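Engineer: Note that this note's numbering has the sequence shown beginning at 71, numbered continuously upward.
C-beta atoms are modelled at their ideal positions from N, C-alpha and C, and glycine is treated no differently.
Computed from a predicted model, the values in this text were never measured in an experiment.
Quick one: the structure is below, and I'll ask about it shortly.
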Amino acid sequence: MELQPRQREALLVQATAGFLLCGAALGVAARPAGADTRVLTVGASGNYQYRTINAAVAAADADSNANNYYEIEVTPGTYTNDFPVVTRPMAIKVDPKRAGDRVVLNATVPLPNQKGIILTVASLTVDGLTFMGAMIDNSLGGNGAGIRDQNTGQGAVLIVRNSVFVGNQEGILTGEDAGETITVTNSKFENNGNPDQGHFQHAMYVNRARSLTVAGSLFCGQLIGHNIKSRAFATRIENNQIYDGQDYAAVGCRAGSSSFAIDIAEGGIATISGNQIFQGPATQNNKMIAYGEEGLPFGTNSLSVSKNVFANSAPSATGIYDPKCVPIHLADNVFQGVARPVEPVGCAVNK
Numbered sequence: 071m072e073l074q075p076r077q078r079e080a081l082l083v084q085a086t087a088g089f090l091l092c093g094a095a096l097g098v099a100a101r102p103a104g105a106d107t108r109v110l111t112v113g114a115s116g117n118y119q120y121r122t123i124n125a126a127v128a129a130a131d132a133d134s135n136a137n138n139y140y141e142i143e144v145t146p147g148t149y150t151n152d153f154p155v156v157t158r159p160m161a162i163k164v165d166p167k168r169a170g171d172r173v174v175l176n177a178t179v180p181l182p183n184q185k186g187i188i189l190t191v192a193s194l195t196v197d198g199l200t201f202m203g204a205m206i207d208n209s210l211g212g213n214g215a216g217i218r219d220q221n222t223g224q225g226a227v228l229i230v231r232n233s234v235f236v237g238n239q240e241g242i243l244t245g246e247d248a249g250e251t252i253t254v255t256n257s258k259f260e261n262n263g264n265p266d267q268g269h270f271q272h273a274m275y276v277n278r279a280r281s282l283t284v285a286g287s288l289f290c291g292q293l294i295g296h297n298i299k300s301r302a303f304a305t306r307i308e309n310n311q312i313y314d315g316q317d318y319a320a321v322g323c324r325a326g327s328s329s330f331a332i333d334i335a336e337g338g339i340a341t342i343s344g345n346q347i348f349q350g351p352a353t354q355n356n357k358m359i360a361y362g363e364e365g366l367p368f369g370t371n372s373l374s375v376s377k378n379v380f381a382n383s384a385p386s387a388t389g390i391y392d393p394k395c396v397p398i399h400l401a402d403n404v405f406q407g408v409a410r411p412v413e414p415v416g417c418a419v420n421k
C-alpha cells in the first residue's frame, strides 16, 4: 500500500524524534555498516602516500568496490589550493596522532569547481580541518563555501567536527536532499560572508534536509547574511555561542553585519536550547531568531526555546520572531536588553 504524504511525514516525525534524542548529539555514522576501512595518508613531505588531499580523495573515488570505506588522515600543515571532490562515502580528518594541530585548506584563488574547497556528492565526515578563503566571482553567485554538499543519495550524512571556517563567502552550504542528516559539533565560524550587499551569504546554510544539529560551536563576524539558516524538517541548535552584529575580540572576530542569528526559515520541528546569543548595533536586523518567516511547508511545526541567554545592545530588539504564530514553548530563558522577547506577543506558551 502506498503511503499518503501525511502518512510519510508522520513516519518521518517519529524517526526524526528518535534521531534528535540520541543520534544527533553523538554524530550519526557516515561509515556504511559492514564496510572495510582503508586508511590513506597525506603529508606535504615525509613518508606519506599522497602529497595533497585531492590526490588521496581521487584515489579513493577511483575504487570501484563499494564495500571499501576510506579514511583520509592528513598531517597538520597548510594545503594551498587543494580542492578535493568527494564521490563516495569517506572521512577526511587530521592525523589522530596529531589531533589538535591545524590542517589548513587555504584557497588563494577562486574555486575552480565554483562550489567549495571540498565539494561532496556523497556522505562525508570532516574532523579537525580549517577552511580559509573560499570565494567565487559575484557573477557566479558569490557563494564559495568551505564545504559544499550536493548530496542526493538516500540516507546521506554530513558530519563536521572540530573544524574551523574563516574568511569564506559561505562556511557550509548544502543543496536539497530531504533525507540527509547533517551534524556540526565543536566547530568555529569566524569572519565569513560576502561584503557585497547584493549577495546575502551565510556562515551555515542548510537547504532541505531531514535534520540539522549544530552543537557546541561558535559563530562570529558574519557579514550581511545569517549565522545559521536552516530549511531542514528538524533543526536542533544547542549550546552554541552566536555573535550577531557584535565583535568578539577574544578570537579576533569583527562586529560583522549579520542579519538573524538563527533563521529557521520554513518551520518544521525546531529546538533551540542552551545557547548564548549576543546581538550588537552592527546587525542588519533587530530580530535575533526567526521561525517560519518564509512559509510553513511541513505539516508538522513546533518550536521549543529553552535555557538560552539573549543579550542585546541594539535598540528595539526582538528575541524570537514568529510571524505565523506557531506556539513557542519557552522555558528558563534570559532576555537582556531585549524589548520584545517574542513577536507577536501572543505566540509564547510558557512551560
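Is the separation between the beta-carbon of PHE380 and that of ILE334 shorter than 8 Å?
Structural biologist: Not a contact, by the Cβ cut-off of 8 Å.
Engineer: Is the shortest distance between the beta-carbon of TYR318 and the beta-carbons of chain D less than 8 Å?
Structural biologist: As a matter of chain content, chain D is missing from the structure shown, which is built from one protein chain.
Engineer: Taking 8 Å as the cut-off, decide whether the C-beta atoms of ASN310 and SER287 are in contact.
Structural biologist: In this structure, SER287 lies closer than 8 Å to ASN310 by Cβ.
Engineer: From the DSSP output, read off the bridge partner residues of GLU308.
Structural biologist: Paired residue(s): ALA285, SER343.
Engineer: Determine the extent of the beta strand (DSSP E) in which ALA418 is found, giving its start and end residues.
Structural biologist: Its beta strand (DSSP E) spans residues 418 to 420.
Engineer: Should LEU96 go down as buried or exposed, given a rule of 16 or more other Cβ atoms within 10 Å for buried?
Structural biologist: Caution applies to LEU96, whose pLDDT of 40 falls short of 50 and renders its modelled position unreliable; the model cannot decide the point.
Engineer: Of the choices ALA285, ARG280, TYR313, ALA304, whose alpha-carbon is the least far from that of ILE294?
Structural biologist: Nearest option by C-alpha distance: TYR313.
Engineer: Considering only residues of the same chain and omitting the five flanking positions on each side of TYR118, which have a CB-CB separation below 7 Å?
Structural biologist: Hits under 7 Å: THR111, VAL112, THR145.
Engineer: Are the beta-carbon atoms belonging to VAL227 and LEU199 less than 8 Å from one another?
Structural biologist: Not closer than 8 Å, so no.
Engineer: Roughly how many whole angstroms lie between the Cα atoms of ILE398 and ALA325?
Structural biologist: If you take the alpha carbons of ILE398 and ALA325, they lie about 29 Å apart.
Engineer: Going straight from the alpha carbon of SER233 to that of GLY365, what length do you get?
Structural biologist: Computed Cα separation, rounded: 32 Å.
Engineer: On the DSSP bridge list, what partners appear for ASN176?
Structural biologist: DSSP output for ASN176 lists THR150, MET202 as bridge partner(s).
Engineer: Quick check on DSSP: helix, strand or coil for VAL415?
Structural biologist: In this structure, VAL415 counts as helix in the three-state DSSP scheme.
Engineer: If contacts are defined as beta-carbon pairs under 8 Å, then ILE252 and ILE307 qualify, I think. What distance do you get, rounded to the angstrom?
Structural biologist: The Cβ separation is near 12 Å, so there is no contact.
Engineer: Please specify which runs of the beta strand (DSSP E), each continuous and at least 3 residues long, are wholly inside the stretch 218 to 253, giving them in chain order.
Structural biologist: Qualifying beta strand (DSSP E) stretches, in chain order: 227 to 231, 234 to 236, 240 to 244.
Engineer: Here's a check: name, in chain order, each residue in its chain whose Cβ is nearer than 8 Å to the Cβ of GLU336, leaving out the five neighbours to either side.
Structural biologist: Cβ neighbours of GLU336 beyond the five flanking positions: ARG301, GLY362, GLU364, GLY365, LEU366, PRO367, PHE368.
Engineer: Between which two residues does the alpha helix (DSSP H) containing ILE187 stretch?
Structural biologist: First-last for ILE187: 186 to 190, but that is the beta strand (DSSP E), not the alpha helix (DSSP H).
Engineer: For ASP171, I'd like the list of residues in its chain whose CB is within less than 7 Å of its CB, leaving aside the five on either flank, ordered along the chain.
Structural biologist: Closer than 7 Å at the Cβ level, and outside the excluded window around ASP171, lie PRO146, VAL164.
Engineer: How far does the beta strand (DSSP E) with ILE123 in it extend, from its first residue to its last?
Structural biologist: No beta strand (DSSP E) contains ILE123, which is instead part of the alpha helix (DSSP H) from 123 to 131.
Engineer: Beta strand (DSSP E) containing GLY389: first to last residue?
Structural biologist: Taken as a continuous stretch (DSSP letters only), the beta strand (DSSP E) holding GLY389 covers 388 to 391.
Engineer: Between VAL236 and MET205, how many whole angstroms is the CB-CB distance? I'm expecting something under 8 Å.
Structural biologist: The Cβ separation is near 13 Å, so there is no contact.
Engineer: Near VAL412, which residues of its chain fall below 7 Å by C-beta distance, leaving aside the five closest residues on each side in sequence?
Structural biologist: So the qualifying residues of the chain are GLY389, ILE390, ASP392, ILE398, ALA418.
Engineer: Of all the options ALA331, LYS258, ASP247, THR283, which has the alpha carbon lying nearest to the alpha carbon of THR353?
Structural biologist: For the residues ALA331, LYS258, ASP247, THR283, the minimum Cα distance to THR353 belongs to ALA331.
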